[in-house]
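Below: one structure, written as structure tokens.
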Amino acid sequence: MMTSIMEARNVTIRYGEAPAVREATLVIPENRVTAIIGPSGCGKSTLLRAFNRMNEFIPSSSMDGEILFRGTDIYDKGIDPVEVRRRIGMVFQKPNPFPKSIERNVSWGPAINGYEGDPRERLEGALKKAALWDEVKDRLGSSALGLSGGQQQRLCIARTLAMEPEVILMDEPCSALDPVSTAHIENLLFELKKKYTIVIVTHNMQQAARVSDYTAFFEAGVLVEYGETQQVFTRPKVKRTEEYVTGRFG
Amino acid sequence: MTGLGRHHSANNLPARRRALAVFRFACAAMTWAAVLILVALLVHVARQGMSWLDWQFLSSFPSRFPDQAGIKSALFGTLWMISTTAIIAVPLGVGAAIYLEEYARRGALSTFIQINIANLAGVPSIVYGMLGLVIFVRFFLLGRSVLAGALTMSLLILPVIIIAAREAIRAVPGSLRQASYALGSTRWQTVRHHVLPSALPGIMTGVILALSRAIGETAPLVMIGALTYVAFVPEGPLDAFTTLPIQVFNWTSRPQKDFHALGAAGILVLLIVLLVMNTGAILIRHRAERRGG
Ligand SMILES: Nc1ncnc2c1ncn2[C@@H]1O[C@H](COP(=O)(O)OP(=O)(O)OP(=O)(O)O)[C@@H](O)[C@H]1O
Ligand SMILES: [Mg+2]
């Protein structure tokens with residue numbers, strides 16, 4: 004069996020009074036890709052943001068339960084959320100590069116966190132891992148906003164990789180991209196999972212089936228089914244899951 | 002989509018075009034009316050004061066004799082006052098805006114403060130003059146100094162700067178902040194490296210407006226007792242001073258025609274100072290916009 008790196012235990016997340024995620028319990032295995040699927044509004048993004056304490060920037064949100072990272076509850080009193088986010092990175096749905104140079108986008112995170120080592124090497128390493136190096140190596144100093152949407156998203160991935168996180172959370176990272184860029188990023192995931200743990204939210208069933216090792220299916224904030232992707236897509240235990248993955252609703 | 006819909010829109014299209022033309026004409030007319038009035042004023046002032054505007058005028062102190070009188074002390078007084086005001090009000094105002102937008106909890110208190118700041122922006126300037134007189138001149142014993150004047154002016158323009166800076170900070174997209182936080186940055190690092198640079202153009206606009214207001218204000222300074230006859234240049238923030246609008250007011254209230262012309266020349270100097278100052282600020286803004294993207 005896989006070693007677990009993160010674990011949600013009885014996690015309930017509310018905006019005001021209304022719960023968006025109810026009593027979710029699931030284990031994220033290390034060095035695997037875990038997909039979270041489910042109809043719109045079922046709480047996928049909400050749960051994902053709980054994994055690196057990004058919900059704290061939404062004043063109305065509150066959380067019950069525990070989220071463990073390597074055995075420690077990341078919501079414990081003594082835990083610094085900044086440290087949590089440094090080790091658990093996030094890539095967002097819409098590419099959101101900083102309006103700065105390509106180089107600065109990648110080097111900023113490590114710089115403010117006082118990372119040592121050659122920044123040049125780190126830059127090249129991160130861009131290569133994100134399969135972007137060849138396209139941008141001659142214009143590292145130009146603005147990141149001049150890149151295409153797909154390139155911008157890979158830059159955002161490179162930026163996250165430069166922090167050398169242990170887990171990367173991705174919220175529909177391909178939904179704003181064309182098929183070629185999407186294929187690019189999907190290939191990337193196969194490479195990345197050798198070193199990182201990835202949790203990806205996606206609306207695209209084929210994508211979930213292609214890239215993930217485990218799949219969690221949510222509906223109305225409730226975890227309906229969770230298991231190996233192969234099993235969830237071919238022999239789902241719950242009828243609802245089958246209906247969803249075969250596209251009968253959602 | 003249907004034939005009916007297309008028919009309908011095609012039918013009222015000429016009417017819509019006419020309405021558009023009328024509206025466009027009305028807007029253009031108003032713009033040009035404002036511009037023309039401004040030009041007329043400028044031409045009038047320039048014709049009156051241009052011939053007096055020379056080096057002698059710029060480098061002399063005020064005098065009883067119009068042809069010996071100059072604007073030196075008022076010009077330096079204004080420069081002293083406005084730069085001291087900027088040094089005090091800009092960091093305070095931007096700091097307050099950062100606090101209110103990025104740090105303070107949203108709640109009753111925050112709303113209360115917000116409403117008060119908006120109200121303060123509408124308080125007549127003479128009231129600030131009275132406040133300055135009581136607090137800075139009398140209580141803190143600053144006397145009729147540049148510092149007392151600058152502090153009073155700072156009070157006057159702080160609400161404007163805070164409001165403009167808050168708007169600018171609020172307009173920075175949340176996705177930028179999230180990107181920054183997700184890389185393990187602290188609140189301050191996010192503000193310092195991403196929020197402020199993106200908000201800078203908007204903040205600069207507010208600063209330009211606020212300082213332009215401060216440079217032309219007379220009432221609060223008269224209130225705290227800035228002098229009308231000053232035959233020296235302030236050498237420090239605790240020296241007495243006068244400013245361009247006060248000097249202009251002084252000259253125009255005299256009966257002699259020549260002094261009125263001197264007043265017009267003083268207005269021209271004030272306009273030039275304003276222009277130079279705003280050009281500087283706009284240059285900074287442009288650079289920020291280019292970098293900030
Ligand atoms: N900032 C917020 N404030 C209040 N309610 C919110 C907020 N964000 C999300 N919600 C609510 O929480 C529920 C779950 O939202 P969430 O964004 O997690 O769904 P999702 O599964 O990611 O949907 P999608 O697939 O459309 O992205 C929804 O009902 C949504 O309206
Ligand atoms: Mg979502």
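Sequences listed follow chains A and B, in order.
Sequential numbering of the first sequence, starting at 4, is according to my numbering.
Sequential numbering of the second sequence, starting at 2, is according to my numbering.
Cβ coordinates follow ideal geometry from the N, Cα and C atoms, glycine included.
Owing to the predicted nature of the structure, the values given are computational and were not obtained by experimental measurement.
- Taking all protein chains shown into account, decide if B:F113 is buried (16 or more other Cβ within 10 angstroms of its Cβ) or exposed. Flag for B:F113 reads exposed.
- Query: Does the distance from the CB of A:N108 to the CB of A:L158 come in under 8 Å?
  - Reply: yes
- Test item: CB-CB of A:L71 and A:L226 under 8 Å: The answer is no: Cβ separation not under 8 Å.
- Message: Against A:G2, what residues of chain B qualify as contacts under a CB-to-CB distance less than 7 Å, listed in chain order?
- Response: This structure leaves residue 2 of chain A out entirely; chain A is present only between 4 and 253.
- Message: Taking the straight line between their C-alpha atoms, what separation do you get for A:H206 and A:I77?
- Response: 28 Å
- Message: I'd like to check one pair, A:I91 with A:V170: are the Cβ atoms closer than 8 Å?
- Response: yes
- Query: Quick one: is the Cβ of A:K47 within less than 7 Å of any heavy atom of ligand 2?
  - Reply: yes
- Between A:V36 and A:K198, which are expected to be in contact by the criterion C-beta below 8 Å, what is the C-beta distance as a whole number of angstroms? That pair is no contact at about 12 Å.
- In chain order, which continuous runs of the alpha helix (DSSP H) of length 4 or greater are located wholly inside the segment 162-219 of chain A? Those alpha helix (DSSP H) runs which fall completely within the segment 162-219 of chain A and span 4+ residues are 182-195, 208-214.
- Would the beta-carbon of A:E189 be found less than 7 Å away from any heavy atom of ligand 2? no
- In chain B, which residues lie less than 9 Å from A:F72 when you measure between Cβ atoms? Within 9 Å Cβ-Cβ: nothing; A:F72 doesn't reach chain B, min ~14 Å.
- Query: Within the present structure, is the beta-carbon of A:V14 separated from the nearest heavy atom of ligand 2 by less than 7 Å?
  - Reply: no
- Query: Got a sec: is the Cβ-Cβ distance from A:K97 to anything in chain B below 8 Å?
  - Reply: yes
- Just confirm the distance between the C-beta atoms of B:L156 and B:Y129, as a whole number of angstroms; I'd bet it's less than 8 Å. That belief holds up - the Cβ atoms of B:L156 and B:Y129 are roughly 5 Å apart, short of 8 Å.
- Compute the Euclidean distance between the alpha carbons of B:G207 and A:L143, then round it to the nearest angstrom. 34 Å
- Confirm, please, whether the CB-CB distance from A:I31 to A:M66 is below 8 Å. no
- Item | C-alpha distance - B:L212 paired with B:M82, whole-angstrom precision | 11 Å
- Query: Based on the DSSP output, what are the partners of A:Y118 in its beta bridges?
  - Reply: None; A:Y118 has no bridge partner.
- Message: Quick test of the definition: if touching needs 3 or more C-beta pairs under 8 Å, does the segment 46-56 of chain B touch the segment 260-270 of chain B?
- Response: yes
- Comparing the CB of A:G41 with every heavy atom of ligand 1, is any distance shorter than 7 Å? yes
- Pick from A:A165, A:S184, A:G250 that is closest to A:Y118, judged by C-alpha positions: A:A165
- Task: Throw me the rounded Cβ distance for the B:L239 and A:R162 pair, which I believe falls under 8 Å.
- Result: The pair is not a contact, with the Cβ atoms about 51 Å apart (cut-off 8 Å).
- Can you give, in chain order, each stretch of the alpha helix (DSSP H) that sits fully within the segment 81-156 of chain B and has at least 4 residues? 109-121, 126-133
- Message: Once the 5 residues before and after B:G294 are set aside, which same chain residues still bring their CB inside 7 Å of it?
- Response: For B:G294, the predicted structure reports a pLDDT of 43, less than 50, and the residue's modelled location is therefore unreliable. A value from the coordinates is still provided. Nothing listed; no residue qualifies.
- So what's A:P22 in DSSP terms, helix, strand or just coil? Three-state DSSP puts A:P22 in a strand.
- Message: Here's the rule: buried if 16 or more other CB atoms are within 10 angstroms of the residue's CB, otherwise exposed. What is B:M2?
- Response: Unreliable placement is indicated for B:M2, whose pLDDT of 48 sits below 50; the coordinate value is still reported in the next sentence. Counting Cβ neighbours within 10 Å, B:M2 comes out exposed, since fewer than 16 surround it.
- Task: Compute the beta-carbon to beta-carbon distance between B:L247 and B:A215, rounded to the nearest angstrom, for a pair I have assumed lies under 8 Å.
- Result: In the sequence on display, residue 247 of chain B carries Ile and not Leu. 13 Å between Cβ atoms; not a contact.
- Would you call B:R65 buried or exposed, if buried means 16 or more other Cβ atoms sit within 10 Å of its Cβ? exposed
- Limits of the unbroken alpha helix (DSSP H) element including B:V208: 197-217
- Message: Less than 7 Å separating the Cβ of B:I209 from some heavy atom of ligand 1?
- Response: no
- Query: Does the Cβ of A:K47 have 16 or more other Cβ atoms within 10 Å, making it buried, or fewer, making it exposed?
  - Reply: So A:K47 counts as buried.
- Item | B:V231 - DSSP class collapsed to helix/strand/coil | coil
- Query: Which of the residues in the segment 81-109 of chain B, read from start to end, lie with their CB under 7 Å from any CB of chain A?
  - Reply: Going along the segment 81-109 of chain B in chain order, one finds R107 with a Cβ nearer than 7 Å to chain A.
- Message: Below 7 Å, is the gap between the Cβ of A:D83 and the nearest heavy atom of ligand 2?
- Response: no
- Top-ranked residue by Cα proximity to B:A105, from B:L284, B:R188, B:P202, B:I283: B:R188
- Item | Pairwise C-alpha distance: B:Q179 and B:R48 | 57 Å
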